[in-house]
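First comes the structure, then the notes that go with it.
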Amino acid sequence: MGAAAELTRPRPGPMVPASFTVTGKRQETADTWTLELEPRDGARLEFAPGQFTMLSAFGAGEVPISISGDPGGGPLVHTVRAVGLATAAICAAKPGEALGVRGPFGRPWPLEELEGADVLVVAGGIGLAPLRPAILALLAGQERYGRLRLLYGGRAPDQLLYTAELEEWSARGMEVAVTVDSAGPEWLGHVGVVPRLVHRARFDPDSAGALLCGPEVMMRFTVSALAQAGLTSERVRASMERNMQCGTAHCGHCQLGPTLVCRDGPVYAWSELERWLAVREL
Amino acid sequence: MSESASHTLERQDFDELFGALARRGYTVVGPTVRDQAIVYEEIASSAELPIGWTDEQEAGHYRLRRREDAALFGYNVGPHSWKRYQLPPEVRLWRARRDADGGLTELEPEPRTAPRYAFLGARSCELHAMGILDRVLLGGAHTDPADRARREDVLVIAVQCAQAGNTCFCSSMGTGPTAESGFDIALTEVLEQDRHYFVLEVGSERGGELLGELRHAPAGQHERAAASAAHDRAAAQMGRELDVTDIRDLLYRNLENPRWEEVAERCLSCGNCTMVCPTCFCTSVEDVTDLAGEHVERHQRWDSCFTVDYSHIHGGSVRASTRSRYRQWMTHKLATWIDQFGSSGCVGCGRCIAWCPVGIDITEEARAIRDSEAVGDARP
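Sequence lines, in order, name chains A and B.
Quick note on numbering: the first sequence equals residues 811 to 1092 in the numbering used here.
Quick note on numbering: the second sequence equals residues -8 to 371 in the numbering used here.
Okay, structure coming up:
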């Protein structure tokens, strides 16, 4: 490209995706895949645990997907459930093929505020995906934190993500409790909803922090269970989902009360949200 | 701007303005009559202005009427706003070709081909609306260079309102009727028995340079008084009122007020209010491919919080009822906008009132909610 063309060519800006190549792919459940992506221009996408990208498959549209990779290094990792046109096309991408990536966007998990305290990570279903970078960061720096706990619930045993890694995290010092809503006789673990794991977990209610992601109803009941255990909503952080379409706080779709989820979230202190979540259809 | 800095420009010399702007490379966008409404389009001379027309506005009502004079700017606001140029109804964000492995190659952000615009005829409420949109689009951590480019070099020639419409309430919102800043030149149109002229205030260096190219004279006491009387007339005619005292917390306290149910019985959820609003900024994107699947473009279009899809997430829409969508729109405009972007999202232009097909009036809805609290307080 000549110098004149360089001069007139607009700088891409936050609405223009960068091309990433699928370098690894693993099926997690019947409809969920984990993709590893490497940037075509070579520069690693730096992010903080809890942030998301806008991910697109050629011509099929764009969706907000939390980053699930290791903030310390390695490829960009996304765990995606095929529930619509765009997510199905993303999940169908084969190694060597390309996807579009914008971001990262959003406010991360405030891990530094939790230093010195017990940390409860509570996940429901695919809600474990946005928590994985936080778990990896907590384990990598576990000397700075108190007891690390993961409470994880899925609908059924075959709906659980990262099953091999759950054991690895446990071996590295995180107490991992898994429950499912229903299971056959081959399942020897807990059966029941996630909030019911809260009273079994040991933590110092006066200083512990909790990181939540899952269906809103699961998070509400978890917050109640945590409150009963003495952990107040100021120390509960939750990652929220709304219809993020731009990531740049310009499109309006992800409004949640006086906030924009892509800018003020997706991670919030539950105390910031409870007033708004109490209003139906807000 | 001090009064002594005002100037006069006679009607017969008005077209010099178009000439001076053209010489400076500006494309003029201004008011013109189309389809029985006053809209903003590219214009080249004063003959295209809505000469001798005014607009009659009420809830659910907009009609053009003939004036008895040949005023160029003798109307209030029409269905268009400058939003069309700050955030066009549809833009292509980028286009690309598909390469062999599904990647995007030759990805080209949309080139900045927008002309250098001069906005002629912006009212005080509209200048405030432009400022509000600027804060949304350009005031955050992420800005799109294309949004920035559209605002660079825009020259604004404001027109001071000499009358207010029945649906106007800019006085309540603190956005008018008289513009004090945000323009390069502001005109006040004065029609006297035997003289038709404009009183000009200069608001920027660029405005001063432009004035230098026009046949103007210093405004005398009589002319300054005539302009001032026109401003006062507009302020006195304000058709509606919205009490903004504590409005954010008023609405936050009333998210479950039964009034939302009542307004939802009338609201068609058509989104007209969001289309005509000079600050409503919601957009969505759509990817478009050719039939062979080798070429893809992403288009950004205006969207409206009144559609069911707007709040869609996996599992359904967050706001499935009209009640919740009207509440979202009005509380955003008057309350959550303050938390999100530091000011109200309403400038009191009244467009949403006039262009609502069933005549829903935001000032009436806000009043009903305020009054319902007063009634509540009076109960023993």
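Cβ coordinates follow ideal geometry from the N, Cα and C atoms, glycine included.
Keep in mind that this is a model prediction, so the values were computed, not measured.
Minimum C-alpha distance to residue i - residue among the options
i, options, result
"valine 254 of chain B", "B/Pro22, B/Gln319, B/Thr270, B/Val68", "B/Gln319"
"cysteine 116 of chain B", "B/Pro102, B/Val127, B/Ser163, B/Ala87", "B/Ser163"
"alanine 132 of chain B", "A/Gly937, A/Glu838, A/Ala1020, A/Arg917", "A/Arg917"
"glutamate 985 of chain A", "A/Val1003, A/Thr973, A/Leu961", "A/Leu961"
"aspartate 991 of chain A", "A/Tyr972, A/Leu924, A/Asp968, A/Glu925", "A/Asp968"
"glutamate 923 of chain A", "A/Ser876, A/Arg954, A/Arg891", "A/Arg954"
"proline 1015 of chain A", "A/Gln1038, A/Arg912, A/Val988", "A/Gln1038"
"tryptophan 85 of chain B", "A/Glu872, A/Arg982, A/Arg1073, A/Met825", "A/Met825"
"leucine 246 of chain B", "B/Ala170, B/Leu233, B/Arg314, B/His207", "B/Arg314"
"tryptophan 1097 of chain A", "A/Gly852, A/Ala908, A/Glu846, A/Ala944", "The structure shown does not extend to residue 1097 of chain A, since chain A spans only 811 to 1092, so no value can be given for it."
"leucine 772 of chain A", "A/Ala899, A/Arg891, A/Thr831, A/Lys835", "No information on residue 772 of chain A is available, as it lies outside the stretch 811 to 1092 that chain A covers here."
"serine 363 of chain B", "B/Phe332, B/Leu242, B/Met321", "B/Leu242"
"glutamate 872 of chain A", "A/Pro1068, A/Met1054, A/Arg1090, A/Trp997", "A/Met1054"
"arginine 83 of chain B", "B/Gly333, B/Cys340, B/Val309, B/Arg289", "B/Arg289"
"aspartate 71 of chain B", "B/Ala227, B/Ala359, B/Ala345, B/Asp330", "The question names aspartate, yet the displayed sequence has histidine at residue 71 of chain B. The shortest Cα separation from histidine 71 of chain B among B/Ala227, B/Ala359, B/Ala345, B/Asp330 belongs to B/Ala345."
"aspartate 330 of chain B", "A/Glu1082, A/Val1089, A/Pro881, A/Arg1090", "A/Glu1082"
"threonine 166 of chain B", "B/Tyr317, B/Phe9, B/Ser334", "B/Ser334"
Local Cβ density within 10 Å of residue i, reported as buried at 16 or more and exposed below that
i, result
"alanine 815 of chain A", "In this predicted model, alanine 815 of chain A has a pLDDT of only 37, less than 50, meaning its place in the structure is not dependable enough to derive any value."
"leucine 886 of chain A", "buried"
"alanine 369 of chain B", "Note that alanine 369 of chain B scores a pLDDT of 47, beneath 50, so its modelled location is shaky; the value from the coordinates is reported in the next line. Result: exposed."
"glycine 336 of chain B", "buried"
"proline 249 of chain B", "exposed"
"valine 279 of chain B", "exposed"
"proline 914 of chain A", "buried"
"alanine 950 of chain A", "exposed"
"aspartate 223 of chain B", "exposed"
"threonine 27 of chain B", "The residue asked about is misnamed: residue 27 of chain B is glutamine in this sequence, not threonine. By the 10 Å Cβ count, glutamine 27 of chain B comes out exposed."
"glutamine 212 of chain B", "exposed"
"aspartate 352 of chain B", "buried"
"glutamate 856 of chain A", "exposed"
"alanine 113 of chain B", "buried"
"glycine 888 of chain A", "A small correction: the amino acid at residue 888 of chain A is histidine; glycine does not occupy that position in the sequence shown. So histidine 888 of chain A ends up on the buried side."
"glutamine 837 of chain A", "exposed"
"arginine 186 of chain B", "exposed"
"threonine 169 of chain B", "buried"
"valine 366 of chain B", "exposed"
"cysteine 343 of chain B", "buried"
"proline 209 of chain B", "exposed"
Simplified DSSP assignment, three categories, for residue i
i, result
"isoleucine 344 of chain B", "helix"
"phenylalanine 332 of chain B", "helix"
"glutamate 1091 of chain A", "coil"
"glycine 16 of chain B", "coil"
"phenylalanine 9 of chain B", "helix"
"arginine 83 of chain B", "strand"
"glutamine 212 of chain B", "helix"
"aspartate 928 of chain A", "coil"
"isoleucine 945 of chain A", "helix"
"serine 1034 of chain A", "helix"
"threonine 973 of chain A", "helix"
"leucine 938 of chain A", "helix"
"tyrosine 962 of chain A", "strand"
"cysteine 1023 of chain A", "strand"
"alanine 170 of chain B", "coil"
"threonine 1058 of chain A", "coil"
"aspartate 46 of chain B", "strand"
Beta-carbon proximity of residue i to residue j, cut-off 8 Å
i, j, result
"leucine 941 of chain A", "valine 929 of chain A", "no"
"cysteine 159 of chain B", "methionine 266 of chain B", "no"
"alanine 927 of chain A", "serine 1017 of chain A", "yes"
"tyrosine 66 of chain B", "proline 41 of chain B", "yes"
"glutamine 154 of chain B", "alanine 225 of chain B", "yes"
"glycine 262 of chain B", "serine 302 of chain B", "no"
"arginine 1047 of chain A", "isoleucine 304 of chain B", "no"
"threonine 327 of chain B", "glutamine 1065 of chain A", "yes"
"proline 1076 of chain A", "threonine 1032 of chain A", "no"
"valine 299 of chain B", "leucine 95 of chain B", "no"
"serine 876 of chain A", "proline 827 of chain A", "no"
"aspartate 175 of chain B", "arginine 206 of chain B", "no"
"glycine 51 of chain B", "glycine 339 of chain B", "no"
"leucine 0 of chain B", "phenylalanine 189 of chain B", "yes"
"alanine 870 of chain A", "alanine 896 of chain A", "yes"
"isoleucine 123 of chain B", "threonine 354 of chain B", "no"
Cross-chain neighbours of residue i in chain D, by beta carbon under 8 Å
i, result
"alanine 870 of chain A", "The structure shown has no chain D; the protein chains it does contain are A and B."
Any chance you could list the alpha helix (DSSP H) runs of at least 4 consecutive residues sitting entirely within the stretch 90 to 167 of chain B, in chain order? 115 to 129, 136 to 142, 161 to 164
Taking only runs that begin and end inside the stretch 276 to 331 of chain B, name each unbroken beta strand (DSSP E) of 3 or more residues, in chain order. 286 to 293
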